[in-house]
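Reading the sequence shown from the start, the letters are residues 37 to 398 in our numbering. Every residue gets a Cβ at the ideal spot worked out from N, C-alpha and C, and that includes glycine. Here is the structure we will look at, set down as structure tokens.
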Amino acid sequence: MTLHGRIEQHMTAQADRDWWRGAVIYQVYPRSFQDNNGDGIGDLPGIAARLPHVASLGVDAVWISPFFTSPMQDFGYDVADHCDVDPMFGTLSDFDAVIATAHALGLRVMIDLVLSHTSEQHPWFAESRASRDNPRADWYVWADPRPDGTPPNNWLSIFGGSAWAWDGRRCQYYMHNFLDSQPDLNLHSPAVQDALLDVARFWLDRGVDGFRVDVAHALVKHADLPDLPPTRRGAPGDAPIADASPTVAHGRLEHVHDVDQPEVVAVYRRWRAIADAYDAVLIGEVYLLEHDRLARYLDGDGLHLSFWFAPLHAPWGVAYEEPGAVAWDDMDGELTDDIAIDSSAVDTLVRGQAEILETAVR
37 MTLHGRIEQH MTAQADRDWW RGAVIYQVYP RSFQDNNGDG IGDLPGIAAR LPHVASLGVD
97 AVWISPFFTS PMQDFGYDVA DHCDVDPMFG TLSDFDAVIA TAHALGLRVM IDLVLSHTSE
157 QHPWFAESRA SRDNPRADWY VWADPRPDGT PPNNWLSIFG GSAWAWDGRR CQYYMHNFLD
217 SQPDLNLHSP AVQDALLDVA RFWLDRGVDG FRVDVAHALV KHADLPDLPP TRRGAPGDAP
277 IADASPTVAH GRLEHVHDVD QPEVVAVYRR WRAIADAYDA VLIGEVYLLE HDRLARYLDG
337 DGLHLSFWFA PLHAPWGVAY EEPGAVAWDD MDGELTDDIA IDSSAVDTLV RGQAEILETA
397 VR
């Protein structure tokens, strides 16, 4: 092969690895997308049947929301088996057919991965809660009660109430960022990280082209589980946290210990090494509004992409000053910020709860 040919081959391979730059990704929520067997619930064969239409729209990839085995108390984000398909959606063979059909049409396939928590019905949790000394005893975030029997700290669930649920078998509390049927995993444990990496390999070996990581900023909690300080938004006369709505109550605390811990960067370095070996992409649902905090997740050998939620909280009036620079008045009034991150980092602009609009290389 000539030098020119080798250069051309190298550039083609690089472009193939970087397919996600500027890509348009079409989200599919399986339950409501296409019912193929007439039971009133969307399924994987229904997705496969509609992929020619999706490809005709000119998109580059599909992102499929959770279809894993689940009691469905949180619409599939309460996973009971990371490596199987819930019967309501079909079988692993049906998923393989989705991959084969998509790839034949030139579409990549990304799937959701829920790494921060599981369903209480997951075999990992069943073993973890059985005793304090079994092999998976430390796979979840467990803590002793305070001397008066109350939860170990003031952390709150996003869905309301304390983030701690009592378990009478271990006589300890377990932490749940969402429903009390969704215990949070302990990512400080190397064994938990290894098990989740095995999940990634399972799906990558089946042909998946990447993952959207659910609540990617909340994988690691402060090991000492300290109380969260109140935010400056609290004011005299405010209703007590116990009487406030879940959203308001959660916003009354500064979430400096239950999310965005320094150790999470090392977790994503391990994931990036696996993803790069398969030419796969990692996109994180990193719900952080401060650019400097978000930047750590995208620094070269971490996530490839991140959702960018700041525009959801900003007043209208976005002004593009130059390629790569976005300026607006922030919620407090005056800030104009040019984001400085490695040029390989990419944000995914988001409007609504989970709609990807476009990507912007900075």
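Proximity of the stretch 299-307 to the stretch 223-233 meets the contact definition, three or more beta-carbon pairs being nearer than 8 Å. The beta carbons of Val95 and Val60 sit closer together than 8 Å.
With fewer than 16 neighbouring CB atoms inside 10 Å of its own CB, Pro351 falls in the exposed class.
Trp200 places its beta carbon 8 Å or farther from that of Pro219. Every unbroken stretch of the beta strand (DSSP E) spanning 3 or more residues and falling wholly within the stretch 312-342 is given here in chain order: 317-320. In the assembly as shown, Val284 is an exposed residue. Its beta-carbon has fewer than 16 other beta-carbons within 10 Å. Remark: three or more beta-carbon pairs, one from each stretch, lie closer than 8 Å, so the stretch 146-161 and the stretch 251-263 are flagged as touching.
Looking from the CA of Arg182, the closest CA among Trp202, Gly142, Asp296, Pro123 belongs to Trp202. Rounded to the nearest whole angstrom, the C-alpha separation of Tyr65 and His212 is 24 Å. Going by C-alpha positions, Ile147 is about 44 Å away from Asp184. The beta carbon of Ile77 is closer than 8 Å to those of Arg67, Asp71, Met124, Phe125 in its chain, skipping five residues each way along the sequence. Look at Gly246 here: in three-state DSSP terms it is strand. In the DSSP assignment, Trp202 falls within the beta strand (DSSP E) that extends over 200-203. Excluding five sequence positions before and after Asp122, the CB atoms of its chain that fall closer than 8 Å to its own CB belong to Phe103, Phe104, Thr105, Ser106, Met108, Gly112, given in chain order.
Between Thr137 and Ala84, the C-beta gap is smaller than 8 Å, which places the two residues in contact.
Spatial neighbours of Arg86 in its own chain (CB-CB distance under 8 Å, excluding positions within 5 residues in sequence) are listed in chain order as Phe69, Gln70.
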